[in-house]
Each structure stands twice: as C-alpha cells, then as structure tokens.
Amino acid sequence: MNNQRTFIPPFLIFARVLRLELLFKCPPNTYAVAHPSGWMTKDCFTQYLHHFARYAHPSKENPVLVVPSGWMTKDCFTQYLHHFARYAHPSKENPVLVVKDCFTQYLHHFARYAHPSKENPVLVVVDNHTSHISLQSIEFCRENRIIMISLPPHTTHRVL
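Residue numbers (mature numbering (1 follows the signal peptide of the UniProt record, and there is no 0)): -19 to -1, 1 to 141.
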C-alpha cells in the first residue's frame, strides 16, 4: 500500500500447478504463475516487474522504489535493477550506474532520488545478508551521508 491508500494487485507463485480456484476471493487483477519449484525465478520476476509497472506507472518524474520482502538472489536483484533502470529512463545526462556490487548500484540509485546531505542524512535499514554488506557500499554510504543500519540476518520480515 502506498501513501495514497492504493496497492499493486497481488502476484502469486504456485508450486508446480496453477490453481485458478484459489484465486476466487483474491483482489481484482491478481496475477498468478506456476513454477515447478514454487520459488521466484528470473522469468517469474520479469513477469512480476511487468505486472508491477502496469499498476505503479513509474516514470522519470515519478520514480518508484520497490523493496521486495523476503530473500532475493544476486541474479534476481541484478535483473530487478536492469528492469527498474528501463523505467527510470537512463540517458547520457542521467546514467544508470552499472557496478559489480548490486547493492552499491542500488545505493547510487537511492542517493540520486533521496538527496542525502550533511544537514539531512538518510537512513537505510538492511538485513545482514552478504549481498548488502561490502566495503564499496559502506564507503559510498559514508561519502554520501547515508546512514546504514544492519539488522540481524533473516529478521527484517519481523519488523517491517
């Protein structure tokens, strides 16, 4: 749910078989896919991003930040960043940075829109997953007035 009290219709992943009868009482425009493992894959994530963009309407003037709950592999996160960059309209004047560390790439994107400063630092809360903690990301946060607090691993779903 956003600050305008609207929400993106759910996106469901079923293990093995798509069970349409379980969608009967879901909110309108709920989207469902099936995958043998029941886990998020690159293909499922691409479908999710298209579903999300259909309802969020991201644009250069109105960028949207998605904070996926749960665990995401580095490959999925990289794919997420590339799809997000497509909707952020990168250009020569406003490039989307491509760096080896995916989380640092996210921090660059975040800083561009959050505008942290000495007078107005910004707080980022992350779990202690290895994909979130690197020397490169910590240095970037220090240089750009981003305060990063790391919670114990596998606990963010308890506090959000």
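Even glycine gets a Cβ: it sits at the ideal position worked out from N, Cα and C.
Remember, it's a predicted structure, so these values are computed and weren't measured experimentally.
What residues match up with TYR12 in a beta bridge as DSSP calls it? PHE(-9)
Just tell me which of SER98, HIS38, PHE121 has its CA closest to the CA of PHE(-13). Among SER98, HIS38, PHE121, the Cα nearest to that of PHE(-13) is on HIS38.
Considering only C-alpha positions, which residue in the set THR136, PRO133, HIS89, ALA13 is nearest to ARG126? For ARG126, the nearest C-alpha among the options comes from HIS89.
With distances taken from CA atoms, which of HIS16, ALA95, PHE(-6), TYR12 is nearest HIS31? TYR12
Where LEU88 falls: helix, strand or coil (DSSP): helix
Among TYR29, PHE(-9), VAL106, ASN10, the one whose alpha carbon lies nearest that of PHE84: VAL106
Nearest to CYS25 by alpha carbon, out of GLU100, ALA34, VAL14? The residue from GLU100, ALA34, VAL14 with its alpha-carbon nearest to that of CYS25 is VAL14.
Spatial distance of ASN10 from PRO133 (CA atoms): 36 Å
Which same chain residues end up closer than 8 Å to LYS99 when comparing Cβ atoms and leaving out the 5 residues on each side of it in sequence? If we look at LYS99 and ignore the five residues flanking it on each side, its Cβ neighbours are ARG126.
Rounded to whole angstroms, what's the CA-CA distance from PHE5 to ALA95? Just pull it up for me. 40 Å
Starting from the Cα of ALA(-5), find the closest Cα among PRO17, GLU120, PRO97, GLU2 and give me that residue. PRO17
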